[in-house]
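Written below as structure tokens is the structure these notes are about.
2 protein chains.
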Amino acid sequence: MVDDASRRTAGLIALDWGTTSFRGWLLDDAGTVVDRVRSADGTLQVSERADSSGERAAAFDAAFARLCGHWLQQRADLPVIAAGMVGSNHGWAEAGYLDVPADLADLADHLTRVPGTRVHIVPGLRVPGPDPDVMRGEEVQLVGALAETERPSTVVLPGTHSKWVDLAGARVTTFTTAMTGELYGLLLRDSILARLATEPAGPAGPAGDEVSAAFSRGLDVEAARGDERGLAALLFTARTFVMAGRLDGADVADYVSGLLVGDEVRHAVRGIPADVVAVCGSRPVASRYRIALERHGATVRLVDEDAAARGLWQVALDAALVPAPATRTTEELLP
Amino acid sequence: MVDDASRRTAGLIALDWGTTSFRGWLLDDAGTVVDRVRSADGTLQVSERADSSGERAAAFDAAFARLCGHWLQQRADLPVIAAGMVGSNHGWAEAGYLDVPADLADLADHLTRVPGTRVHIVPGLRVPGPDPDVMRGEEVQLVGALAETERPSTVVLPGTHSKWVDLAGARVTTFTTAMTGELYGLLLRDSILARLATEPAGPAGPAGDEVSAAFSRGLDVEAARGDERGLAALLFTARTFVMAGRLDGADVADYVSGLLVGDEVRHAVRGIPADVVAVCGSRPVASRYRIALERHGATVRLVDEDAAARGLWQVALDAALVPAPATRTTEELLP
Chain X
1472 MVDDASRRTA GLIALDWGTT SFRGWLLDDA GTVVDRVRSA DGTLQVSERA DSSGERAAAF
1532 DAAFARLCGH WLQQRADLPV IAAGMVGSNH GWAEAGYLDV PADLADLADH LTRVPGTRVH
1592 IVPGLRVPGP DPDVMRGEEV QLVGALAETE RPSTVVLPGT HSKWVDLAGA RVTTFTTAMT
1652 GELYGLLLRD SILARLATEP AGPAGPAGDE VSAAFSRGLD VEAARGDERG LAALLFTART
1712 FVMAGRLDGA DVADYVSGLL VGDEVRHAVR GIPADVVAVC GSRPVASRYR IALERHGATV
1772 RLVDEDAAAR GLWQVALDAA LVPAPATRTT EELLP
Chain H
1472 MVDDASRRTA GLIALDWGTT SFRGWLLDDA GTVVDRVRSA DGTLQVSERA DSSGERAAAF
1532 DAAFARLCGH WLQQRADLPV IAAGMVGSNH GWAEAGYLDV PADLADLADH LTRVPGTRVH
1592 IVPGLRVPGP DPDVMRGEEV QLVGALAETE RPSTVVLPGT HSKWVDLAGA RVTTFTTAMT
1652 GELYGLLLRD SILARLATEP AGPAGPAGDE VSAAFSRGLD VEAARGDERG LAALLFTART
1712 FVMAGRLDGA DVADYVSGLL VGDEVRHAVR GIPADVVAVC GSRPVASRYR IALERHGATV
1772 RLVDEDAAAR GLWQVALDAA LVPAPATRTT EELLP
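Heads up: the sequence lines are chains X and H, in that order. The number in this note's numbering is simply the position in the first sequence, starting from 1, with 1471 added. The number in this note's numbering is simply the position in the second sequence, starting from 1, with 1471 added.
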């Protein structure tokens, strides 16, 4: 008998609620995504209207009802699991951290329930010691990434603040953050380079997993000159190349991206074995990291950004927020 | 006979007219600064009201008259010499570039006179070839710096866009630019680090040539970890240290400055002999570069930022815009 989607019922609401964005998924009782919402109602925007922790909780209640209330009409007692800055001290409820080294399976034992709700928040991870670091939200992407790919020794989660995570099996040994995405945004929005950058005239960028020639050129220049000149000098070459007629304004953004990603990756790979590296993120950006990593001899696996939904499902299963789906019999799997 | 200031008359108006700032000096006929003006009427602000080159010239005429017109009441035919972005293609008149290697004495042979005025603009310097670069305004600071200090092999001009200039005597062999100051401004104005930084509670910073402990800590962290982690990761430590209770919000700005200046200097000294380095700039910033350079074994000379006025006077003398002051006899120099 074939799998019959109509037989399934809603099983879980999963939220990745970060500083500046909200992603919600409705999963059925087998963990398959059946609906999704996306919004710019990040925790920063929600919490800035609130003056006390009580007001803040009410603001998060209201935002959640507005964004996901329609899913609860089908089944009012749906469990909810959430990760990200929603668990920070400016979030819905403070969900703490697990110190690394930490097994990802332990996340499920440390959920924080938002008082008076069915919402459970996943703790973040923290690096103690001389090189402290923190993550919130990326830990469930790690869980999802490990479910999808052969066990990597390193997972990169590119973004505003890229995370480089060292793993031994499903155990996070340590991680570091690079604010590459934020630097890119600042430079292309407000710097002297922003005034040089023009919109590309043709179709937007290469298709699929390719990267643009301007991005590759940024990698080339960084590889050849980065150790000698430093990032602040390399970035200025975007201006001097444009002034010398050797870089088109439409290529400035990709060239700067190549310099920044090249510098981040070249330094990061010094501390990791050139082994299997998983890159977890949306395609245009993830492909850029893949290309940069492959130049250093790494074997790269791309994991799509819905890893967060899979990871949240797995943590909810481990925490028994949702019943384990019945194992299908061989007959059910036959066409 | 002692030098009698009352005998002197106005000799020259000198302008350092950059993108976002205007500095003007009135010099007497011996090249001594007798009056000065400072304004935020940079070339960007003046030119943005103009739609054509004719309108632009009129806007610069008007801004100059408003800022320096009172000096011309004393002597209407005062020569004027100017350097900086005022000589760019968005300035008063385009003054071109000299390609390096170039003797600084050659600047005087390539002044551009603004049509219908007594204003002469100094050309910028340009590095041709695979690593192009440009400067406008710093070239007259170099002339002034060389007049003041023993011949350095390198001159650093810290700023929004720091210049590192290699010299052989008074010949500029090459130079590079690092956008360190601009990165600092972007990070402390708009990034996640800006939200952590608080105003210092006590008196503002150390006095004189000292630097703060937070700046030194930034240098320390960069020296220990920069090669391994890269700038985008190092900068994020300002956040993780604050979150771990190991950096005070009031120290964020100086700590970030230490990371950035440390990274710039550590890379820049790889390409220069650890010899005499002159740092030309205003005191708080120049002292930071001095400390960072001395950590790499350089012998540092500080040159104050009025080097531009001295340099403009020297170029005006070389170009015979002003008559050479009469050489004083030995008797005149006796008290």
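Note that beta-carbon positions come from the ideal geometry of N, C-alpha and C, so glycine has one too. All figures in this text were calculated on a predicted structure; none of them were measured in a lab.
9 Å Cβ cutoff, residue i in contact with chain H
i	result
P1603 (chain X)	yes
D1722 (chain X)	no
E1699 (chain X)	yes
T1708 (chain X)	yes
I1484 (chain X)	no
G1489 (chain X)	no
D1734 (chain X)	yes
S1662 (chain X)	yes
L1654 (chain X)	yes
A1703 (chain X)	yes
S1633 (chain X)	yes
G1738 (chain X)	As written in the sequence, residue 1738 (chain X) is His, which differs from the Gly given in the question. Yes, contact with chain H.
T1711 (chain X)	yes
R1696 (chain X)	yes
L1596 (chain X)	no
L1578 (chain X)	no
C-alpha distance - residue i paired with residue j, whole-angstrom precision
i	j	result
G1495 (chain X)	V1605 (chain X)	23 Å
V1747 (chain X)	A1618 (chain X)	15 Å
L1538 (chain X)	V1611 (chain X)	21 Å
T1588 (chain H)	A1511 (chain H)	23 Å
P1806 (chain H)	A1501 (chain H)	For P1806 (chain H), the pLDDT reaches just 47, beneath the cut-off of 50, and the residue's location in the model is therefore unreliable, leaving the point undetermined.
D1548 (chain X)	D1532 (chain X)	15 Å
A1877 (chain H)	L1773 (chain H)	No statement about residue 1877 (chain H) is possible, as the shown extent of chain H runs from 1472 to 1806 and does not include it.
A1554 (chain X)	W1488 (chain X)	6 Å
Y1568 (chain X)	P1599 (chain X)	11 Å
D1691 (chain H)	L1654 (chain H)	20 Å
A1528 (chain H)	A1694 (chain X)	44 Å
Close beta carbons around residue i, own chain, < 7 Å, minus the five adjacent residues each side
i	result
T1644 (chain H)	V1571, P1572, D1637, L1638
T1651 (chain X)	S1633, L1731, V1732, E1735
A1534 (chain H)	D1512, V1517
L1659 (chain X)	A1665, A1668, A1724, V1727
D1789 (chain X)	A1576, A1579
V1682 (chain X)	S1758, R1759, I1762
Buried versus exposed, by CB contacts within 10 Å (16 or more), residue i
i	result
G1482 (chain H)	buried
P1586 (chain X)	exposed
D1722 (chain H)	buried
R1741 (chain H)	exposed
D1474 (chain H)	Because the pLDDT at D1474 (chain H) is just 48, under 50, the model does not fix this residue reliably, and the value given afterwards should be weighed accordingly. Counting Cβ neighbours within 10 Å, D1474 (chain H) comes out exposed, since fewer than 16 surround it.
Q1785 (chain H)	buried
A1530 (chain H)	buried
T1647 (chain H)	buried
A1795 (chain X)	exposed
A1739 (chain H)	buried
H1591 (chain X)	buried
R1507 (chain X)	exposed
Y1760 (chain X)	buried
S1753 (chain X)	exposed
G1729 (chain X)	buried
6 Å Cβ shell around residue i - same chain, five flanking residues per side excluded
i	result
D1680 (chain H)	S1758
Selection from the options that minimises the alpha carbon distance to residue i
i	options	result
T1514 (chain X)	X:A1501, X:T1503, X:R1607	X:R1607
D1499 (chain H)	H:D1789, H:R1781, H:A1790	H:R1781
R1688 (chain X)	X:P1671, X:D1698, X:A1790, X:A1709	X:A1709
S1524 (chain H)	H:S1753, H:A1553, H:V1557, H:V1551	H:V1557
T1583 (chain X)	X:P1601, X:S1559, X:D1574	X:S1559
S1624 (chain H)	H:R1642, H:G1630, H:G1615	H:R1642
I1484 (chain H)	H:V1504, H:S1492, H:V1614	H:V1504
E1609 (chain H)	H:G1697, H:P1603, H:D1777, H:R1717	H:D1777
Within-9 Å CB hit, residue i to chain C
i	result
R1741 (chain H)	Included in the structure are the protein chains X and H, with no chain C among them.
Test: residue i CB closer than 9 Å to a CB of chain X
i	result
A1566 (chain H)	no
T1644 (chain H)	no
F1686 (chain H)	no
H1767 (chain H)	no
M1714 (chain H)	yes
A1649 (chain H)	yes
L1569 (chain H)	no
L1613 (chain H)	no
R1717 (chain H)	yes
Contacting residues, own chain, Cβ-Cβ under 8 Å from residue i (five flanking each side not counted)
i	result
L1764 (chain X)	V1627, V1736, V1740, V1748, V1750, V1771
Cβ-heavy atom distance, residue i to the ligand MN, below 8 Å
i	result
E1609 (chain X)	This structure does not include the ligand MN; it has no bound ligands of any sort.
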